[in-house]
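The letter at position 221 of the sequence shown is residue 1264 when you use the numbering used here, and the numbering goes up by one with no holes. A virtual CB, placed ideally from N, CA and C, is assigned to each residue, including glycine. Only one structure is covered here, and it is reproduced in the block below.
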Amino acid sequence: MSKIEIAKRYILFIFGLFFAALGVAFTKHGELGVSPISSVANVLSCEFSAFSLGTWLIIWNCILIVGQIVVLRKKFQLIQLLQVPLSFLFGWFTDFGMWIVAKIPVPTYFTRMTMVLIGIIILGFGISLSVTANVILNSGEAFVKAISDTTNKEFGNVKIAFDVTCVILAVLLSFIFFDFTIVGTREGTIVSALLTGFVVKLFLKLVKKPLESVLCRKAVQAF
C-alpha cells in the first residue's frame, strides 16, 4: 500500500469519524437515548454536566483503549495508540455536532424519534466510511476484537455482549446518580442497537466499491 493510498484512507476514516459523531449528536438531541457504546458517556454527561458529551466520550474511549492494553498485554500493537488522538477527534466532532443541532426544535415525541432515526442513518454512514477506510478500528470495536481474539469467541457474539454490558452499566449508573430513575438510556438506545447494523450494511453496499476504486487509484504521472 503506497503512502498516498494510506493518507487517503486515513482522510476517509476521519470523515467517517465526523459523520459518526454527527449521528451521535442528532440521536442525543432527540433525548430518547443514544447508541449502546455511547450510553455510559451519555449518562455521565447528564450527571456531571461540567464536562460535555464529547469530553465524556473521549474519557470513555480512552478507558476502552486501556482495556485493550490490559487484555492484550504484549500483543497490543503500538500503532493502535493512534486510537487516542482519533478518540479526541471523535469527542470534538461530537461537541461540534451538538452545536449544529442545538437550534433544531424537538417539541413532540415524533420529532424526537425522527432525530433518533436521522442520527442512526448518519451514524451508519459514518461507520461505513470508517470500515471502507480499513486502517484502524475505533476504540469500541478494537476492545471487542481484543476480547474476541483473546477468548477465541466469535466477534459478533462478543459485540452483542459488549453492547448489552454498556447498556446495563449505563442503567446502573443512572440508578446511582438519579435515585433509581433511568436517565439517558431509553427506547432510542434499543432502536439504535437494532437498526445501526442494517444501515451500515446498506451503505457499505452503496459506497464500498466506488470508494475503494478511488482509494486504490494510482496517481497519474505527468510526462
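A contact between stretches requires three or more CB pairs, one per stretch, nearer than 8 Å, and the stretch 1135-1145 fails this requirement with the stretch 1204-1222.
Counting along the chain, the unbroken alpha helix (DSSP H) around A1185 starts and ends at S1182 to T1194. With fewer than 16 other CB atoms across the displayed protein chains lying within 10 angstroms of its CB, C1259 is exposed.
Restricting attention to V1243, V1127, Y1053 and L1055, the CA atom closest to the CA of L1100 is found in V1127.
Contact check for V1250 against S1173 fails: the beta carbons are separated by 8 Å or more. Around the beta carbon of W1103, 16 or more other beta carbons sit within 10 angstroms, so the residue counts as buried. DSSP places Q1111 in the uninterrupted alpha helix (DSSP H) bounded by L1096 to L1115. In the three-state scheme derived from DSSP, where H, G and I count as helix and E and B as strand, R1260 is classed as coil. For K1252, the secondary structure class from DSSP, reduced to helix, strand or coil, is helix.
V1114 and A1236 have their C-alpha atoms roughly 25 Å apart. A Cβ-Cβ separation of about 6 Å places L1166 in contact with V1067 under the 8 Å criterion. The criterion of a C-beta distance shorter than 8 Å is not satisfied by G1076 and M1158. G1097 is not a Cβ neighbour of F1186, given a cutoff of 8 Å. In the structure shown, the three-state DSSP call for T1228 is coil. Measuring C-alpha to C-alpha distances from F1153 to each of S1092, G1059, I1225 and G1231 identifies G1231 as the nearest.
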